[in-house]
Amino acid sequence: MSLFITFEGGEGSGKSSALRLIAERLEKEGIPYILTREPGGTPIAESIRNVILDRNNVAMDSRTEALLYAASRRQHLVEKVWPALKEGKIVLCDRYLDSSLAYQGGARGLGIDKILEVNSFATEGTFPDLTLFFDIEPELGLARIAANANREVNRLDLEKMDFHRGVRKTFQELAARFKDRYVTIDASKPLEEVVDDAYAAIKSRL
Ligand code: TYD
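Here you go:
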């Protein structure tokens, strides 16, 4: 049974670690899935990712940024997500449309509806079946990143604390607006519990 599941949250929420552990559980149960991420996931989309996240691109305009995310998203849908869903697989995707809504729409101030508009062209209306929102205080998330030497610091990590607060607030608003597909996970808990909560939400939709 195909299911499009997106993992969302602020920096250092642990969503990517949770995603890998969830993939291991699906593997053990013999449930067909793919694991992918945005921006990126295919060579063209990864090239766009490199432009967006390059620490030298401080002059990038916020609408340019929004369009690049949408372009990378489209390419990733065409090459990877849609084919996998057609084959009846579960797609576990690290970030998707809601990251654009929270980062570009909310924190950057472009507005949720403008970003939805740009993305409706890019996605042709493909929304996730389930969005797991890993909710954490930005201070705690950023402290985790600082403690994790393996995780490279990118251009968006370097934003001011107000930006990260705006991201979180917008995700919380989106969770209220898109109740049917959103599940909020308390990401301040230990990783194992976070994974149990997320897996339970997935199993209830299978
Ligand atoms: P990444 O290293 O993948 O971060 P993380 O591990 O936090 O997922 O970098 C992706 C960055 O891009 C992250 O800061 C969130 C941001 N982003 C947007 O601003 N808009 C988007 O549409 C997407 C997909 C990501």
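Whatever position you read off the sequence shown (first residue = 1), add 1 for my numbering.
For glycine and all other residues, C-beta sits at the position ideal for the given N, C-alpha and C.
- In the DSSP assignment, the residues bridged to R38 are D95.
- Taking the Cβ of P139 as the reference point, every heavy atom of the ligand TYD lies at 7 Å or farther away.
- The shortest CA-to-CA distance from H165 to any of D114, E39, A46, D136 is the one to D136.
- Taking 7 Å as the cut-off, the C-beta of P40 counts as close to a heavy atom of the ligand TYD.
- The DSSP-derived three-state label of I32 is coil.
- Here I116 is not near A85, since their CB atoms are 8 Å or more apart.
- Bridge partners of T132 according to DSSP: T7, Y183.
- Using a Cβ distance threshold of 8 Å, G142 and S14 count as a contacting pair.
- The ligand TYD approaches Y70 closely enough that one of its heavy atoms is under 7 Å from the residue's Cβ.
- In terms of Cβ geometry, P33 and I91 form a close pair [threshold 8 Å].
- Relative to the ligand TYD, Q105 has its C-beta within less than 7 Å of a heavy atom.
- Of the heavy atoms belonging to the ligand TYD, none sits nearer than 7 Å to the Cβ of D114.
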